[in-house]
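Here's the structure, in structure tokens; my notes come after.
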Amino acid sequence: MPRLEQPIPRGALTAVAIDTPAGTFVARFSDHGLAQLDFPGRTFPASARASELLADPSLPRWVKLTKGALLAILAGRHPGEFPPLDVSSGTEFQQRVWSVLREIPAGETRSYGEVAAAIHSPKATRAVGSACGANPIPLLIPCHRVLASGGKVGGFSGGLEWKQRLLMVEGVIAQELPMRAASLGKG
DNA sequence: ATCGTCATATGAA
DNA sequence: TTCATATGACGAT
């Protein structure tokens, strides 16, 4: 299949700050939907302004949906309606991986190997890890539900604390940084 | 249990 | 082509 070497050029994104009990996230929207979500504590853009919000009538709704989904996921509740997700920045392979991630329900996990098998590239486990790391919309695209084999937590671009926190909220792991075993059923 | 090493897919430079 | 990865399997300790 054709290899997509360069991301598809897109117009400028509109950044919007979203406050949650876990901190202020920054969501960036394209014409097609939510394109990027940044964890709190990153460089805060000066572009989250009301005038931009008013520029596109679909934005306020997307922001509301994004915030609602975010708050629900952080609280371990079932998220309601998602905004449209614009994953056009990813290569075809990455988008296949991300679409698999979106089908993992809260409270469940997959291994990198299982995700690789799901996209019919059973040997691409390592590439799946890279694709997870390239996920532009964490939380809504639940890359945190992909663990290494044997219940090991594995890595996380946004910081392992976040991965752990999310897995705890979803009842997958119990407490502190096991860093390796998710100590579930077999104690 | 922990570590080192090798195998392998994908993507960026 | 070379290098870097959020892996996985295996063997040595």
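Sequential numbering from 859 applies to the first sequence in the numbering used here. Quick reminder that beta carbons are idealized off the backbone N, C-alpha and C, glycines included. Remember, predicted model here, so these are calculated numbers, not experimental data.
Between residue 929 and residue 941 a beta carbon distance of about 14 Å is seen, past the 8 Å cut, so the two are scored as non-contacting. Taking one beta carbon from each stretch, the stretch 983 to 990 and the stretch 884 to 903 have fewer than 3 pairs nearer than 8 Å; the two do not touch. By the 16-neighbour rule on beta-carbons within 10 angstroms, residue 981 is exposed.
For residue 888, the enclosing beta strand (DSSP E) has its first and last residue at 881 to 888. For residue 878, the beta-bridge partners assigned by DSSP are 881. Under DSSP, the beta-bridge partners assigned to residue 943 are 892.
For residue 929, the three-state secondary structure derived from DSSP is helix.
Close CB contacts of residue 1014 within its chain, under the 7 Å cut and outside five residues either way in sequence, are with 1002, 1020 and 1021 (chain order). For the pair residue 897 and residue 958, the Cα-to-Cα distance works out to about 22 Å. DSSP, read as helix, strand or coil, puts residue 1005 in strand. Counting of Cβ neighbours within 10 angstroms places residue 885 among the buried residues, the total reaching 16 or more.
An exposed status is given to residue 919, since fewer than 16 other beta-carbon atoms sit within 10 Å of its beta-carbon.
Pairing residue 948 with residue 956 gives a Cβ-Cβ distance under 9 Å. Counting other Cβ atoms within 10 Å of its Cβ, residue 935 stays below 16 and is therefore classed as exposed. In this structure, residue 1004 sits near residue 973, with a CB-CB distance shorter than 9 Å. Residue 984 sits in a helix when the DSSP states are folded into three classes. In this structure, the beta-carbon distance from residue 998 to residue 932 does not fall below 9 Å. Residue pairing by DSSP puts residue 873 in a beta bridge opposite 886.
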